[in-house]
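Right, one structure below, let's go through it.
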DNA sequence: ATAATTAAGTCAATATGACTGACCTAAATA
DNA sequence: TATTTAGGTCAGTCATATTGACTTAATTAT
């Protein structure tokens with residue numbers, strides 16, 4: 271199987287090379303999140319808090335439903351973490367025109383934290399990406415995009431329209 | 271800040287575009303792991319089990335210490351998950367020449383599972399990557415590699431020498 | 001030969017992030 | 001008026017991880 275594969279595939283599509291991609295994704299993603307993790311720890315927050323802060327910062331006045339769609343967790347899971355952020359005044363809640371909905375936005379304090387966390391990740395990406403051609407960078411983004419499942423591709427487009 | 275950035279940076283290095291990379295990493299990594307997760311669930315295993323199986327499969331006769339270096343978790347964390355895999359005969363333990371060490375390898379049962387899980391991820395990467403040029407694929411891998419912290423780059427090289 | 005270090009393991013307590021299931025309220029829509 | 005939708009809540013559970021303290025056995029250094 272692997273032998274046949276080695277014969278038929280070009281080098282960069284060999285199973286062995288593909289496995290390296292698996293590992294690169296694992297290592298790079300872990301290191302990508304480790305920077306913010308250290309700051310969050312001091313506030314007794316975790317990665318779940320980061321994700322909420324990120325997406326609320328991304329789309330002001332996002333509703334609970336929209337947030338759940340992006341995060342793909344249950345509302346019970348969201349509840350605890352979100353309430354902490356609201357109680358500690360990183361996020362402020364208001365009522366939508368549809369009075370059943372709630373709209374979430376970052377407070378000034380929340381924006382400050384969001385900025386602090388995002389800056390780490392943005393700078394890391396910038397530092398890395400700077401060395402590459404526009405062609406390579408676009409390829410990188412397109413490959414990542416193609417790895418997303420159809421439904422979530424739509425979600426990605428929605429938050430970026 | 272962002273305005274200045276927009277003026278000085280080429281489009282593909284704008285903060286807004288960089289933020290898309292943050293999201294692409296989040297969405298793609300989540301979907302990348304979701305396939306194996308479904309199989310693991312049936313066995314009452316989680317992602318932690320997957321990682322152990324993957325790296326034991328990658329490097330036969332890996333020691334506990336080496337495995338901890340790769341996974342970057344505590345031995346107490348490893349213990350519970352690894353013991354499950356050993357008890358359920360996915361992994362077999364033997365003693366090294368240095369009798370303090372233990373060597374881990376996959377049983378036939380473990381190899382079967384490893385293969386099942388890896389195949390999902392390998393095929394996913396292949397499906398995606400097929401559409402791209404060698405140049406793009408190499409760029410993709412290099413960018414991911416550059417996102418890894420120095421120490422972990424060494425670990426990556428070690429398991430791939 | 002003894003002391004120090006290393007590899008591995010264990011016990012206990014704790015935190016975080018997630019889940020299911022059941023149930024509730026209020027508002028909007030059919 | 002009935003149904004659906006948005007959101008919330010209570011309770012219990014599970015998986016993954018942590019810190020800290022301590023043990024055993026084997027290897028290495030003095």
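Residue numbers (my numbering), protein chains in the order written: chain A, 271 to 431; chain B, 271 to 431. Note that CB positions come from ideal geometry on N, CA and C, so glycine has one too.
Check	Outcome
Per the DSSP calculation, residue 375 of chain A is bridged to which residue(s)?	A:362
Tell me where the alpha helix (DSSP H) around residue 430 of chain B begins and ends.	Counting along the chain, residue 430 of chain B falls outside any alpha helix (DSSP H), and DSSP gives it neither H nor E.
Would you tell me roughly how many angstroms separate the C-alpha atoms of residue 308 of chain B and residue 315 of chain B, rounded to the nearest one?	10 Å
In chain A, which residues lie with their C-beta within 8 Å of the C-beta of residue 313 of chain B?	In chain order: nothing, as chain A lies at least about 20 Å away.
Give me the Cα-Cα distance between residue 294 of chain B and residue 376 of chain B, rounded to the nearest whole angstrom.	33 Å
Please state whether DSSP places residue 389 of chain A in a helix, a strand or coil.	helix
Give the range of the alpha helix (DSSP H) segment to which residue 344 of chain B is assigned.	Where residue 344 of chain B is concerned, there is no enclosing alpha helix (DSSP H), given that its DSSP letter is neither H nor E.
Relative to the C-alpha of residue 431 of chain B, which candidate in B:329, B:297, B:373 and B:406 has its C-alpha closest?	B:329
Identify each residue in the region 288–315 of chain B for which the Cβ-Cβ distance to at least one residue of chain A is less than 8 Å, and report them in chain order.	288, 289, 290, 291, 292, 293, 294, 295, 296, 297, 298, 299, 300, 301, 302 and 304
Hey, does residue 355 of chain A have any beta-carbon neighbour from chain B nearer than 8 Å?	no
On the premise that residue 339 of chain A lies in contact with residue 425 of chain A, defined as a C-beta separation below 8 Å, what is that separation, rounded to the nearest angstrom?	6 Å
Short of 7 Å Cβ to Cβ, which residues in the region 403–424 of chain A face chain B?	404, 406, 407, 408, 409, 410, 411, 413, 414, 415, 416, 417, 418, 419 and 422
Residues in the region 370–389 of chain A with C-beta within 8 Å of chain B's C-beta atoms, listed in sequence order?	388
Flag residue 392 of chain B as yes if its beta-carbon sits less than 8 Å from any beta-carbon of chain A, otherwise no.	yes
Comparing C-alpha positions only, which one of B:418, B:429 and B:427 sits nearest to residue 302 of chain A?	B:418
Ends of the alpha helix (DSSP H) at residue 283 of chain B?	No alpha helix (DSSP H) contains residue 283 of chain B, which DSSP labels as neither H nor E.
Distance cutoff 8 Å, beta carbons only. Does residue 331 of chain B sit that close to anything in chain A?	no
Since residue 430 of chain B meets chain A, which of its residues come closer than 8 Å, beta carbon to beta carbon?	290 and 293
Any C-beta of chain A sitting closer than 8 Å to the C-beta of residue 395 of chain B?	yes
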